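Participant: 39 is the number of the first residue of the sequence shown in the numbering used here; add one for each residue after it.
We treat Cβ as the ideally placed atom computed from N, Cα and C, and that holds for glycine.
As the structure is a prediction and not an experimental result, all values here were calculated from the model.
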Amino acid sequence: MYRTLITSALVVTCITTTTVVRAQTFSVQDLTSLTTEILERSRQNELAQQGVSLKPIARSGSMEEVSFETLYERVTKLQQALYGKVVYGPDGRVPISSVSDADVLRNAAAVVALMRPTVMNQNADGTWSIGNELYGDKYGLCEDEPFRDQPSPAFCSGFLVDSDLIATAGHCVKTAADLNITRFVFDFRMLDNATARLDVSGQDVFEGIELVGREEDSSGSDWALIRLDRPVENRVPVSLRKIGRIADDQSVYVIGHPAGLPMIYAPGANVRENVSLEYFVANLDTYGGNSGSLVANASTHEIEGILVRGEQDFVVTESGCRKSLVCPDESCRGEDVTRISEIIESIP
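(1) Does the separation of the CB atoms of ARG283 and ARG347 fall below 8 angstroms?
(2) Look up VAL157 in the DSSP assignment and say whether it is helix, strand or coil.
(3) Pull up the distance between the alpha-carbon of CYS370 and that of PRO128, whole angstroms please.
(4) So, using beta-carbon positions, are ARG392 and PRO275 closer together than 8 angstroms?
(5) Which of the three DSSP states is assigned to MET101 in this structure?
(6) Please go through the region 252 to 278 and give each complete beta strand (DSSP E) segment of 3 or more residues, from N-terminal end onward.
(7) Would you mind sorting LEU266 into buried or exposed? The rule is 16 or more other CB atoms within 10 Å of its CB.
(8) Please name the residue, chosen from ASP225, GLU181, VAL199, LEU278, that lies closest to MET153 on a Cα-to-Cα basis.
(9) Do three or more CB pairs link the region 341 to 357 to the region 160 to 167 at distances below 8 angstroms?
(10) Can you tell me where the alpha helix (DSSP H) holding TYR173 begins and where it ends?
(11) Please report the Cβ distance between ARG208 and ARG252, rounded to the nearest whole angstrom; I am assuming they are in contact, meaning their Cβ atoms lie under 8 angstroms.
(12) Taking the Cβ atom as the reference point for each residue, do TYR298 and PHE193 lie within a distance shorter than 8 angstroms?
(13) Let me know the secondary structure DSSP gives GLY327 once reduced to three states.
(14) From the DSSP output, read off the bridge partner residues of PRO189.
(15) Quick one: is ARG186 buried, meaning 16 or more other Cβ sit within 10 Å of its Cβ, or exposed?
(16) For GLY246, count the other beta carbons within 10 Å of its own beta carbon; 16 or more makes it buried, fewer makes it exposed. Which is it?
(17) For ASP202, which residues of its own chain have a beta-carbon under 6 angstroms away from its beta-carbon, when the five flanking residues on both sides are left out?
(18) Below 8 angstroms CB to CB, which residues in the same chain sit around THR355 once its five sequence neighbours on both sides are set aside?
(19) If you follow the beta strand (DSSP E) that ILE293 is part of, which residue opens it and which one closes it?
(20) Looking at VAL319 and ASP374, is the spacing between their C-beta atoms short of 8 angstroms?
(21) Go to ILE381, then tell me how far its alpha helix (DSSP H) extends in each direction, as first and last residue.
(22) In the DSSP assignment, find the alpha helix (DSSP H) that holds ALA140 and state where it starts and stops.
(23) Applying the 10 Å Cβ sphere with the 16-neighbour rule, what's the burial state of VAL290?
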């Protein structure tokens, strides 16, 4: 997810003991790739071993030496800004296993988790086993952070809009080649308060064979439609708004996989801005893995849009652990939702 507050290009110089990279201006897209690479290298401790320092060049031309730890923190915050989400007011997120509303559950049945094949293993009987890296360990969360002991294998969310079509955010699947490293998994959820569904039927795991349509504008429309390798049986595509647009202040909810977690339902949000033709803004409780999540009208349960970007996820405490950023309902930037009307014409 991209955060629209970061709009100007940034200038950085990276210096290692073995390589000097000259100052260069990076776009938001370039910076996304750069920070991803830096974080991956830092996980392997390569940057620390090489003594890397980052020298941001301010508009005044001044430069600042920073340590590896500061570099990692700044890059982490930048990635959270680019891809983040947040909690607004009281935390309304609940596991889908705690929901009894039939209309909400019907929409939930159409939700998929996007996962990399590297976090899944296919068993001899055709079932799949999903990795169980814990959310709290993955993100360095504080001990009292909700859901910290649940697994976090997904990287985006999506939902079924036709018998073999999945809608998601455009930045989740950038090219047709990305389909080779993406699996679409239905019904990844908690079975009870302590047990996640980590053994999945082969009938619930799909591959993508065609990128039917896609747009990605970090301050506008952001969507992708993917054709699956076979029609989905025993699941009903969601109902989409076909005409008109959502009302100002309309109540909405989101269903998806925040930070890669088992399916979460987050109600109690409202439309905050409804001006753009391509997206609206709501105070939804969402996180990075919610990209591509369905956003539904709380009155009609029709799908109004696709969750695509928003506020940063976490803040770092004095003890060094991370906690969810909490904003008053009317504060912070809000979460951007690509209008479902942006994809209607691309659905056969």
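Facilitator: Short version:
(1) No. Outside cutoff.
(2) Helix at VAL157.
(3) Going by the C-alpha atoms only, they are around 14 angstroms apart.
(4) No statement about residue 392 is possible, as the shown extent of the chain runs from 39 to 386 and does not include it.
(5) Bear in mind that the predicted position of MET101 carries a pLDDT of just 41, short of 50, making it too unreliable to give a figure here.
(6) Runs found: 260 to 266.
(7) Around the CB of LEU266, 16 or more other CB atoms lie within 10 Å, so the residue is classed as buried.
(8) When each option's Cα is compared against that of MET153, the closest is ASP225.
(9) The answer is no - the region 160 to 167 does not touch the region 341 to 357, with fewer than three Cβ pairs under 8 angstroms.
(10) 173 to 177 is the extent of the alpha helix (DSSP H) around TYR173.
(11) According to the sequence as given, residue 208 is Gly; it is not Arg. Confirmed, about 5 angstroms.
(12) First, the amino acid is wrong: residue 298 is Gly here, not Tyr. Contact flag set, yes.
(13) Reduced to three states, the DSSP call for GLY327 is helix.
(14) DSSP lists LEU172 as the bridge partner or partners of PRO189.
(15) Of the other Cβ atoms in all chains shown, 16 or more fall within 10 Å of the Cβ of ARG186; this residue is therefore buried.
(16) Its Cβ being crowded by 16 or more others within 10 Å, GLY246 is buried.
(17) The residues are ARG265, LEU266, PRO269.
(18) Residues CYS180, LYS361 of the same chain have their beta carbon placed closer than 8 angstroms to that of THR355, with the five preceding and five following residues left out of the count.
(19) For ILE293, the uninterrupted beta strand (DSSP E) run begins and ends at 289 to 294, by DSSP.
(20) A Cβ-Cβ contact shorter than 8 angstroms links ASP374 with VAL319.
(21) Segment 379 to 382, the alpha helix (DSSP H) holding ILE381.
(22) Unbroken alpha helix (DSSP H) run through ALA140: 140 to 146.
(23) The residue in question, VAL290, is buried, as its Cβ has 16 or more Cβ neighbours within 10 Å.
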